[in-house]
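Notes for the one structure printed next.
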Amino acid sequence: MKSEAVVTATRCWVEGTVVGLNLCPFAALPVKQGRIRYQVCSASDMDGIYRAILAEFETMLELPEAEASLLIVPTGLERFDDYLDLLQVAEEVIPEAGLEGRFQLASFHPDYRFEESEESDPANYTNRSPYPMFHFIREESLAEALKHYPQPELIPQRNIELLREMGLQAVEQRLSRCREKGG
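Numbered according to my numbering, the sequence shown spans residues 354 to 536.
Take a look at the structure:
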């Protein structure tokens, strides 16, 4: 799969769903400013993907102009359980590397499922993306954005209600359209 196609599908999802539905109220400005880094991981084995995660932390340290980064993994993490296992390991890197308070990871996967939800619950689509990906977030930027947003703790519930109101078919179609744009 070509990197350009993967990025095209991911941009479609970020711009049309994450920003378009205001799932993350803090995303619109950095997306508009071009401050989101899209990086496609060429590795397809756990060790290679893990090394790509470490490299992305390094890159983010060297690129202060990047507000956030999406490390997109088109092959190797198709199974959601494998993805969660690697996510847990990746999150352990943050304190071990002295990056606590500097970065956090958000998780997105085509088969994302909240622990307490049914497979068909539209709420899962708050974290469903065209491909498995790791979202590297600068904590400083997030803290600054939170200062200007009233009641950020209500965002997840608002998103769940919105997607459930839209219905499963509508949210599935949004994601499918983005996958198709990527080829």
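Where a beta carbon is used, it is the ideal one built from N, C-alpha and C, also for glycine. No experiment lies behind these values; they were computed from the predicted model shown.
In this structure, DSSP gives L458 an extended state, which the three-state scheme calls strand. In this chain, the alpha helix (DSSP H) harbouring V442 covers F433 to E449.
Here Y502 is exposed. Its C-beta has fewer than 16 other C-beta atoms within 10 Å.
Leaving aside the five residues that flank V384 on each side, the residues in its chain whose CB is nearer than 7 Å to its CB run, in chain order, V367, E368 and V372. When S482, G535 and A358 are compared, the shortest CA-CA separation from H462 is found for S482. The beta-carbon distance between I389 and E420, rounded to whole angstroms, is 6 Å. This is short enough to meet the 8 Å contact definition. S460 is a Cβ neighbour of L440, given a cutoff of 7 Å. For F410, the enclosing alpha helix (DSSP H) covers residues M399 to E415. Sequence-distant Cβ neighbours of E409 in its own chain, meaning closer than 7 Å and more than five residues away, are Q392, S422, L424 and F489.
Separation of G429 and P485 (C-alpha to C-alpha, rounded to the nearest whole angstrom) is 9 Å. Straight-line measurement puts the Cα of G454 at about 31 Å from the Cα of L515. Under DSSP, the beta-bridge partners assigned to L423 are Y391 and H488. In this structure A362 is not in contact with G520, their Cβ atoms being roughly 22 Å apart against a cut-off of 8 Å.
Taking a C-beta distance under 7 Å as the contact criterion, A523 and F379 do not qualify as a contact pair. Pairing C531 with C365 gives a Cβ-Cβ distance under 7 Å. Under the three-state reduction of DSSP, Q526 is assigned to helix.
Judged by DSSP secondary structure, R466 falls outside any alpha helix (DSSP H); it is assigned neither H nor E.
Counting the other CB atoms within 10 Å of its CB gives A476 a total of 16 or more, which places it among the buried residues. In this structure, Y403 is the residue among S473, L452 and Y403 with its C-alpha nearest to the C-alpha of F487.
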